[in-house]
Amino acid sequence: MKKLVPLVVDALLVILFCAIGRRSHDEAVLAGLLKTLWPFAIGLAIGWVAAVVVSSRMFGETERAARFDGTALWPTGILVWLGTLGGGMLFRVVGGQGTAFSFVLVAATVLALFLLGWRAAIKALN
Numbered sequence: 002m003k004k005l006v007p008l009v010v011d012a013l014l015v016i017l018f019c020a021i022g023r024r025s026h027d028e029a030v031l032a033g034l035l036k037t038l039w040p041f042a043i044g045l046a047i048g049w050v051a052a053v054v055v056s057s058r059m060f061g062e063t064e065r066a067a068r069f070d071g072t073a074l075w076p077t078g079i080l081v082w083l084g085t086l087g088g089g090m091l092f093r094v095v096g097g098q099g100t101a102f103s104f105v106l107v108a109a110t111v112l113a114l115f116l117l118g119w120r121a122a123i124k125a126l127n
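Residue numbering for the sequence shown follows our numbering, starting at 2 and increasing by one per position.
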């Protein structure tokens with residue numbers, strides 16, 4: 002159960018990111034949240050799978066369960082951030098949603114702050 006907490010935190014932060022984005026454009030937050038969320042949710046899942054795979058390669062399959070740390074900046078945080086951003090943008094294109102350069106920059110910055118920031122804070126506190 003403890004190992005799922007970082008995934009839940011990431012998911013809540015991605016939902017918050019999408020809700021803030023909808024609200025900042027005066028769009029109905031709850032009514033259209035799923036439309037905005039699904040590309041980033043798939044990207045988040047891709048990032049988490051990549052983090053687990055890379056961790057298992059780094060530490061070996063036998064140590065994976067014991068060594069995987071969902072709160073680590075590397076590889077977990079970076080791969081989750083890149084997966085969420087890259088997958089989110091890719092699936093926005095597939096879904097006919099916009100990916101203006103300024104949006105990509107804002108999304109990259111906010112998602113980095115959200116997905117890497119809490120991990121950096123935990124590392125600093127430990």
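Heads up, the beta-carbon is just placed ideally off N, CA and C, and yes, glycines get one too. Every value quoted in this text rests on a predicted model; they were computed, and no experiment measured them.
Please check the pair residue i and residue j, which I expect to be a contact at CB under 8 angstroms, by giving their CB distance rounded to whole angstroms.
{"i": "GLY87", "j": "GLY44", "result": "6 angstroms"}
{"i": "ILE16", "j": "THR72", "result": "Not confirmed; about 19 angstroms, so no contact."}
{"i": "GLY33", "j": "TRP82", "result": "Contact flag wrong, Cβ pair sits at about 24 angstroms."}
For a test of the three-state rule: what should DSSP assign to residue i, helix, strand or coil?
{"i": "THR100", "result": "coil"}
{"i": "PHE60", "result": "helix"}
{"i": "PHE115", "result": "helix"}
Please report the straight-line C-alpha distance between residue i and residue j, rounded to a whole angstrom.
{"i": "LEU126", "j": "GLY118", "result": "12 angstroms"}
{"i": "VAL111", "j": "SER57", "result": "28 angstroms"}
{"i": "PHE92", "j": "LEU74", "result": "25 angstroms"}
{"i": "LEU14", "j": "ALA42", "result": "11 angstroms"}
Decide if residue i is buried, meaning its Cβ has at least 16 other Cβ atoms within 10 Å, or exposed.
{"i": "VAL94", "result": "exposed"}
Hey, which unbroken runs of the alpha helix (DSSP H) at 4 residues or more fall wholly within the segment 4-29? 6-25
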